[in-house]
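Set out below in structure tokens:
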């Protein structure tokens, strides 16, 4: 029985790779930051803590046939990033140390999972990256991965270690986080989405397809010394991907294609708001601009050398991923209906307040009045929902109120707003601010019965204990 050392074995890809290798009859030495309490058949755990300071790699490598090196320092969140020296230390220097230890222990195969971004952040829509593309890494993560690639090729020449480098694009699958996780969250949470009206091309790879390519590189002698781009069977545009994800969620979404210029303007507005508030948002001008780019790779070389084909199509991978979230995240489904209800209440308040002015968006004055009213209603609802929702423990609930309750709340709110505006509009000399405040206050008050109904529903179903 062959033995494989897997670093980063408790990560998104590593944990799935360990299970796949043991299912294929491999003994696996799982290199982890800390030990996992549960024992897994044919898996020996090695807790190394910080891989940059661990100095017992010879013990880990002894008698091993292959190494799959997945451990890496990846991007931090938007609020802060690591210094380039940290990326270099973990992703390049530690990789060199691990590879040297593997070579000295007589390991025959060393699989290094790098990144497609070694060649840059974007491609022309009709010219994907190939193995002949010049490396042009832009961020610290990609630069450190390229440095690791160069060090591995040097070790390969000096020691004869069989090195294979895999450059995947964005990896997705059940449990994914990072950028693809954010996209899945957005599609699942919001009933209305805006996507750029551009025909870009982007490559992705489903996690089980990546694992399949790794297993191929462990088994085929023809791949030694090569660098491969790997991806799903075909590329998609950003709007096609969003539509595909929405089609496999519980509720779908209404998707609007917006001009590039409008989204660029929105990104600039978000940047200004971040600076004004001193906060960092997950969406900014940089993340929006990435929606327009193409980043495609050509995976034909690994197919020619080894006969590898991705076992899953992109559609199958997205369906499995979306289904996983549908089954394991009811809070987002609840959130979808909450936001749909918010849109309904806000729109009704906006419409009636504007109608009471007699010049509903037909003139410049009417348009300004409508937008002002809409903004104040949105802000007031957001504040009340946040304050009352947190206070009543609604965040622990896994369902929204029953549909009849939601209809009753909406219907009562519409009647109250309509009656109030009718009476106010009949009075002479009523200040404009009064007409604005009435729908604002009523729409905010709608939060109370909504949250009460949600709380009652949850208690009846045993989801919130008295």
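Numbering (full-length UniProt numbering), first residue to last: 1 to 466.
Backbone N, C-alpha and C define an ideal beta-carbon position, used for all residues, glycine too.
- Looking only at 286, 205, 266, the smallest Cα-Cα distance to residue 317 is reached by 205.
- When secondary structure is reduced to three states using DSSP, residue 273 falls in the helix class.
- The region 261 to 268 makes no contact with the region 206 to 219: fewer than 3 CB pairs, one atom from each, lie closer than 8 Å.
- With contacts defined by Cβ atoms closer than 8 Å, residue 104 and residue 58 form a contacting pair.
- Within the same chain, Cβ atoms closer than 7 Å to the Cβ of residue 169 are found at 116, 203, 204, 205, 231, 295, 297, the five residues on either side in sequence being excluded.
- Under the three-state reduction of DSSP output, residue 115 falls in the coil class, being neither helix nor strand.
- Residue 201 holds the alpha-carbon nearest to the alpha-carbon of residue 122 among 100, 201, 44.
- Under the 8 Å Cβ criterion, the region 219 to 237 does not count as touching the region 139 to 147, having fewer than three qualifying pairs.
- With respect to residue 13, residue 22 sits apart: the two C-beta atoms are not nearer than 8 Å.
- Pairing residue 292 with residue 31, the inter-Cα distance amounts to about 38 Å.
- Across the set 239, 174, 160, the C-alpha of 239 shows the shortest separation from the C-alpha of residue 199.
- Residue 46 holds the alpha-carbon nearest to the alpha-carbon of residue 35 among 46, 157, 172.
- Rounded to the nearest whole angstrom, the C-alpha separation of residue 11 and residue 176 is 10 Å.
- In this structure, DSSP gives residue 17 a helical state, which the three-state scheme calls helix.
- Taking the CA atoms as reference points, residue 149 sits about 7 Å from residue 165.
- Going by beta carbons, residue 67 and residue 102 fall inside the 8 Å limit.
- In this structure, residue 20 and residue 211 form a Cβ contact; the two beta carbons are roughly 5 Å apart against a cut-off of 8 Å.
- Comparing alpha-carbon positions, the option among 248, 247, 243, 249 lying closest to residue 256 turns out to be 243.
- In this chain, the beta strand (DSSP E) harbouring residue 7 covers 3 to 7.
- Here residue 105 is not bridged, per DSSP, to any residue.
- Around the Cβ of residue 213, a 10 Å sphere holds 16 or more other Cβ atoms; the residue is buried.
- Taken through DSSP and simplified to helix, strand or coil, residue 316 comes out as helix.
- Here residue 320 is near residue 174, since their CB atoms are less than 8 Å apart.
- Non-local beta-carbon contacts of residue 227 in its own chain, meaning distances under 6 Å to residues more than five positions away in sequence, involve 131, 165 in chain order.
- For residue 5, the closest of 40, 81, 259, 65 by C-alpha to C-alpha distance is 65.
- If you check the CB distance, residue 129 and residue 163 do not come in under 8 Å.
- Sorting 245, 126, 260, 289 by C-alpha distance to the C-alpha of residue 271 places 289 at the top.
- Counting along the chain, residue 84 sits inside the alpha helix (DSSP H) bounded by residues 84 to 87.
- Exclusion of the five residues before and after residue 88 leaves 144 as the residues of its chain whose Cβ lies within less than 6 Å of its Cβ.
- Taking 8 Å as the upper bound for CB-CB distance, residue 63 and residue 3 are in contact here, some 6 Å apart.
- For the set 74, 159, 93, the Cα lying nearest the Cα of residue 108 is the one of 159.
- If only uninterrupted alpha helix (DSSP H) runs of at least 4 residues are considered, those enclosed by the region 209 to 272 are 238 to 248.
- The Cβ atoms of residue 323 and residue 248 sit closer than 8 Å to each other.
- Judged by DSSP in its simplified three-state form, residue 176 adopts coil rather than helix or strand.
- The C-alpha of residue 119 lies about 20 Å from the C-alpha of residue 172.
- As the crow flies, the alpha-carbon of residue 195 is around 10 Å from that of residue 241.
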